[in-house]
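Using this note's numbering, you'd call the opening residue of the sequence shown number 391 and step up by one each time.
Notes follow once the structure below has been shown.
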Amino acid sequence: MRNILSHANLEILEQFAWSNVLLAFDYDGTLAPIVENPEHADMRKTTRRLLGELARIYPCVVISGRAQADVNRWLQGVGIEDAIGNHGVEPWKATTRMRDDVRTWLPVLHGALAHLKGVTIEDKDFSLAIHYRHSREKKKARRAILEAASRLGDVRIIGGKQVINLVPKGAPHKGMALERERERLGCDTAIYVGDDETDEDVFALDEPGRLLTIRVGAKRGSAASYYIPRQAEVDELLRVLIGTRRKAEQRRRVGR
Ligand SMILES: [Mg+2]
Numbered sequence: 391m392r393n394i395l396s397h398a399n400l401e402i403l404e405q406f407a408w409s410n411v412l413l414a415f416d417y418d419g420t421l422a423p424i425v426e427n428p429e430h431a432d433m434r435k436t437t438r439r440l441l442g443e444l445a446r447i448y449p450c451v452v453i454s455g456r457a458q459a460d461v462n463r464w465l466q467g468v469g470i471e472d473a474i475g476n477h478g479v480e481p482w483k484a485t486t487r488m489r490d491d492v493r494t495w496l497p498v499l500h501g502a503l504a505h506l507k508g509v510t511i512e513d514k515d516f517s518l519a520i521h522y523r524h525s526r527e528k529k530k531a532r533r534a535i536l537e538a539a540s541r542l543g544d545v546r547i548i549g550g551k552q553v554i555n556l557v558p559k560g561a562p563h564k565g566m567a568l569e570r571e572r573e574r575l576g577c578d579t580a581i582y583v584g585d586d587e588t589d590e591d592v593f594a595l596d597e598p599g600r601l602l603t604i605r606v607g608a609k610r611g612s613a614a615s616y617y618i619p620r621q622a623e624v625d626e627l628l629r630v631l632i633g634t635r636r637k638a639e640q641r642r643r644v645g646r
């Protein structure tokens, strides 16, 4: 993994910025800092302003694990093309059947996890997120959640930052959502930025020259090609992307 913001790698960022590129971002931990309470998941003011500026010169989408309505709430007024929710399920595969399947998991999990303090089950209709950030015995909580989840049958278990995500097996993931959005918006290439295990579905697409993958924070074992060192540097990444496209447009005008 290489730092995309280091001088030597700016050229690859420029190549993508000059192409017919879709910019796609995860939300929590990527555009917004991770917070103790997910109800306070605002972006920094600077990030919000830069994202708005970016959305005027590039097609931009957000692909989040949050429910679509929830992530839309945080992005209101920014002007991005689209927000995809539930790790890629919403809106295009959000069926009643999928919701009913997820609903059958709830009593099982409530029964198995009720005794664990600080563990909460977030029902997002098409997937569940079981948070253990507020547990005092995180290892024990995590083990119990995984054990209970393994009894559910057709479930895909995806870890995360003090959260276990449960998604219906065979549901579209973030990688599929990205491909679909790129096609829908008629883009040739894409840049994706994410920070967590569910973003590995995009990082693993491995399409050199067509997809540029950037992880927030370097991590051994991640399939992403590049990283930015910390979440706060997302502002710098957005600034560089804005600057590069403006430069490209100027050159085009001069060349005409
Ligand atoms: Mg994230």
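Where is the CB? At the ideal position from N, CA and C, for every residue including glycine.
A quick note: this is a predicted structure, and the numbers were derived from the prediction, not measured.
Excluding the 5 residues flanking it on each side, V468 has same chain C-beta neighbours closer than 7 Å at R438, L441, G442, A445, in chain order.
F415: member of the beta strand (DSSP E) spanning 411–415, first to last residue. I581 has L413, L602 as its beta-bridge partners, per DSSP. Between L496 and the set D586, S517, I548, the nearest pair of CA atoms involves S517. When the alpha-carbon of V583 is set against those of E597, L601, E573, the nearest one is in L601.
Counting every other CB atom within 10 Å of its CB across the protein chains shown gives G560 a total below 16, marking it as exposed. Taken from the Cβ of D472, every heavy atom of ligand 1 lies 8 Å or farther away. Using a Cβ-Cβ distance cut-off of 8 Å, the segment 427–438 and the segment 398–410 are not in contact, since fewer than three pairs of beta carbons, one from each stretch, lie closer than that value.
In this structure D490 is exposed. Its beta-carbon is surrounded by fewer than 16 other beta-carbon atoms within 10 angstroms. Checking the 8 Å criterion, the Cβ of D578 is out of range of every heavy atom belonging to ligand 1.
The straight-line gap separating the alpha-carbon atoms of E573 and D589 is approximately 19 Å.
Taking a cut-off of 8 Å on C-beta distances, the segment 473–487 touches the segment 450–459, as three or more cross pairs fall below it. Setting aside the 5 residues that flank it on each side, I548 is surrounded in the same chain by N555, V557, E587, T588, each with a C-beta closer than 7 Å to its C-beta; the list follows chain order.
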